[in-house]
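Residue numbers (the working numbering): 49 to 478.
Working notes, structure below.
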């Protein structure tokens, strides 16, 4: 006779949970369809979670327009833009995020294309973030639609294990925000993020300590978070395809071959991740970019497109109280080759004019007859705006005069709207 193994479990339908029961929920067992239960030997011992909204932007659009429910939806730019995100129906046609729009529409010609409404998405994302923080103060956002959570020590407060609290949050997001989310639960951040992507949409996946090494061994190296296509290709060129192969190699060998990346691979291949969930995750850069409807080669035309981006970046920097020491310029050629240039400033800044002037000086060297389809600009190596960022107003430096001028413009726009005032280039042609 086969021995029946009892495991901790909970029911995703009614949220009944038991320490030692069969996988079928006693509360829901009268229904004709078995209740959707989650069971795992370590289920009630794990407290690090990763919550990821399912096709978030597309889901918000479908929420607001029920007629789109059964249609492929792509959120992104015009015919020259790229896919920001797409729903799961569109994905069955091969559409993927960051795919050029013309390729996406060739793969799925019946798709409904919607321009992004980032303010709407931000509002929904902030609502979900508030719901997370009501459960634990240890919430580490990764983007508008995903975050890590550490629910260690919250069982007594909520009257249930963290695993059940996360399932309750899943239900609450559907009811209050109208979108679904997927949850990954494990003993560290690396594994929690992997788990959240294993059962989408509306998924709930668990990776325990005891199974960590065996679970990872069966996966491709590309599953490791942060390992891009170039590194994956290099590893494949060396005959390395699976995490099991990395596990069979020692850290010294991997470091000799791949440097810091090799040391990281050695740790993550065994599921080692000591990072804590930090609610104060630093912003590494602030940038903005735009894709043109038609390729542009003329410097003046590129310059005109650059200024609004500089204003957008500057506004976000000032709102966050940040200043950057490095300016980055991004260009994409008509042949889809990406060019990135960086320049270090003499002192940190968050001014639109400093960003623009520095960007233009780098742009000049790239305007050699080539045509471009995209331009982007941003600040990097960020710090607090008070830490040396154009603070010498009493001495009347050029940057201080620019800062006072931009502060006056910002105040007028706050009162009368964005179109109230601006440099002459903003009103060109009006």
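Think of the CB as a built atom: it goes at the ideal place given N, C-alpha and C, for glycine as much as any other residue.
Just so you know, the alpha carbons of residue 253 and residue 397 end up roughly 44 Å apart.
A residue is called buried when at least 16 other Cβ atoms come within 10 angstroms of its Cβ; residue 273 does not meet this threshold and is exposed. Of the residues assessed, residue 100 falls on the buried side of the cut-off, its CB having 16 or more other CB atoms within 10 angstroms. C-alpha of residue 358 to C-alpha of residue 193: approximately 25 Å in a straight line. Residue pairing by DSSP leaves residue 360 without any beta bridge partner. Under the three-state reduction of DSSP, residue 160 is assigned to strand. When C-beta atoms of the region 294-305 are compared with those of the region 335-352, fewer than three pairs fall below 8 Å, so the two segments do not count as touching. Between residue 420 and residue 350, the CB-CB gap stays under 9 Å. The DSSP-derived three-state label of residue 313 is helix. Nearest C-alpha to residue 218 among 399, 428, 310 and 233: 233. Taking a contact to require three or more Cβ pairs closer than 8 Å, the region 364-371 and the region 385-392 do not qualify as touching.
Residue 326 sits away from residue 414, with the two beta carbons spaced by 9 Å or more. If you keep only unbroken alpha helix (DSSP H) runs of at least 4 residues inside the region 356-404, you get nothing at all. For residue 188, the three-state secondary structure derived from DSSP is strand.
Each residue's CA atom was taken as its position, placing residue 378 and residue 160 some 29 Å apart.
Contiguous alpha helix (DSSP H) elements confined to the region 204-259 occur at 210-224 and 237-244, taking only those with 4 or more residues. In chain order, 137, 138, 156 and 159 place their CB closer than 6 Å to the CB of residue 120, counting only its own chain and leaving out the 5 sequence neighbours on each side. For residue 422, the enclosing beta strand (DSSP E) has its first and last residue at 420-432. Residue 147 and residue 135 have their alpha carbons spaced roughly 14 Å apart. Excluding five sequence positions before and after residue 393, the CB atoms of its chain that fall closer than 6 Å to its own CB belong to 373, given in chain order.
The secondary-structure analysis by DSSP pairs residue 134 across a beta bridge with 122. Residue 332 is classed as exposed because its beta carbon has fewer than 16 other beta carbons within 10 Å across all chains shown. With a 10 Å radius around the Cβ and a threshold of 16 neighbouring Cβ atoms, residue 328 comes out exposed. Nearest Cα to residue 251 within the set 401, 213, 231 and 184: 231. Across the structure, residue 404 and residue 375 are spaced so that their CA atoms are roughly 9 Å apart.
Listed in chain order, the alpha helix (DSSP H) runs fully inside the region 271-301 are 277-285 and 291-295, counting runs of at least 4 residues.
CA-CA distance, residue 399 to residue 407, rounds to 12 Å. Approximately 17 Å separates the beta-carbon atoms of residue 178 and residue 198; this is outside 8 Å, ruling out the contact. Counting other Cβ atoms within 10 Å of its Cβ, residue 202 reaches 16 or more and is therefore classed as buried. Taking residue 90 as reference, the option from 112, 55, 73 and 104 with the minimal CA-CA separation is 55.
Remark: C-beta atoms of residue 269 and residue 280 approach each other more closely than 9 Å.
When the Cα atoms are used, residue 210 and residue 347 turn out to be separated by approximately 56 Å. Closest by C-alpha distance to residue 140, out of 129, 152 and 132, is 152. For the pair residue 85 and residue 104, the CB atoms are not nearer than the 9 Å cut-off. The closest CA to that of residue 334, considering only 371, 306, 315 and 309, is found on 371. DSSP, read as helix, strand or coil, puts residue 303 in helix.
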